[in-house]
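Numbering (the working numbering), first residue to last: 3 to 165.
Given below as structure tokens:
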């Protein structure tokens with residue numbers, strides 16, 4: 003039996019950043035880590051807290067509060083990392099609290115209207131009204147776009163002196 007577009011669901015991990023609830027497709031989640039401090043990297047892009055070594059991989063840790071433009075919670079510990087895999091690269095996303103895995107009906111996701119406009123690179127691609135909260139649905143590719151752009155720029159643009 004095949005699912006129609008109206009009955010298709012997207013299994014998502016939900017989490018909090020500040021006071022807002024967000025969701026990312028659960029198939030992309032590798033694991034959730036608690037604890038551990040990322041190693042700071044000089045000249046790292048804004049929003050990158052540093053790197054961690056995880057199972058033979060170097061994983062950039064991204065501060066989602068910074069990336070999403072929300073005010074971090076007071077007294078935030080920033081020690082919960084949601085590790086995702088995109089095109090065989092791993093990324094750690096700092097979240098304040100993991101919630102649960104929910105099935106979001108694709109037809110129930112409200113996308114930005116033409117009047118509100120879509121901001122290029124904005125990771126929020128829609129909102130789902132769950133029974134007890136609004137859930138912002140995120141596009142993980144857009145969340146890491148700023149890193150990919152920096153990796154593909156010529157070396158002189160990263161602030162490294164060539165002379």
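Positions of the beta carbon are idealized from the N, C-alpha and C atoms, including for glycine.
Check whether the Cβ atoms of residue 54 and residue 94 sit closer than 9 Å, and answer yes or no.
When the beta-carbon positions are compared, residue 54 and residue 94 come within less than 9 Å of each other.
Outcome for residue 62 when other beta-carbon atoms lying within 10 angstroms are tallied against a minimum of 16:
It counts as buried.
Here's the rule: buried if 16 or more other CB atoms are within 10 angstroms of the residue's CB, otherwise exposed. What is residue 49?
With 16 or more other Cβ atoms within 10 Å, it is buried.
Taking 7 Å as the limit between beta carbons, can you name the residues of its chain near residue 144, skipping five residues before and five after?
123, 124 and 125.
When you compare each of 23, 80, 91 and 60 to residue 31 by their alpha carbons, which one comes out closest?
The residue among 23, 80, 91 and 60 with its C-alpha nearest the C-alpha of residue 31 is 91.
How about residue 36 and residue 81: are their beta carbons less than 9 Å apart?
Residue 36 places its beta carbon less than 9 Å from that of residue 81.
Hey, residue 65 and residue 51 are a contact pair by Cβ (cut 8 Å); roughly how many whole angstroms apart?
Confirmed, about 5 Å.
Does the separation of the CB atoms of residue 74 and residue 9 fall below 9 Å?
At a Cβ-Cβ threshold of 9 Å, residue 74 and residue 9 do not count as neighbours.
Measure the C-alpha to C-alpha separation of residue 19 and residue 25 and round it to an integer number of angstroms.
Put simply, the backbone Cα of residue 19 is about 11 Å away from that of residue 25.
For residue 104, is the beta carbon positioned less than 8 Å from some heavy atom of the ligand ZN?
The model on display carries no ligand, and the ligand ZN is accordingly not part of it.
What residue does the alpha helix (DSSP H) around residue 67 start on, and which one ends it?
If you look at residue 67, you'll find it in the alpha helix (DSSP H) that goes 66 to 70.
Does DSSP put residue 29 in a helix, a strand or coil?
Residue 29: helix per DSSP, three-state reduction.
Alpha-carbon to alpha-carbon, residue 115 and residue 58
Annotation: residue 58 to residue 115 spans about 43 Å, alpha carbon to alpha carbon.
Do residue 100 and residue 23 have their CB atoms nearer than 9 Å?
Contact: no.
Residue 126 - containing beta strand (DSSP E), residue span
Here the beta strand (DSSP E) through residue 126 covers 126 to 131.
Own chain, CB closer than 7 Å to residue 136, minus 5 neighbours either side, in chain order:
Only 23 and 129 meet the Cβ criterion.
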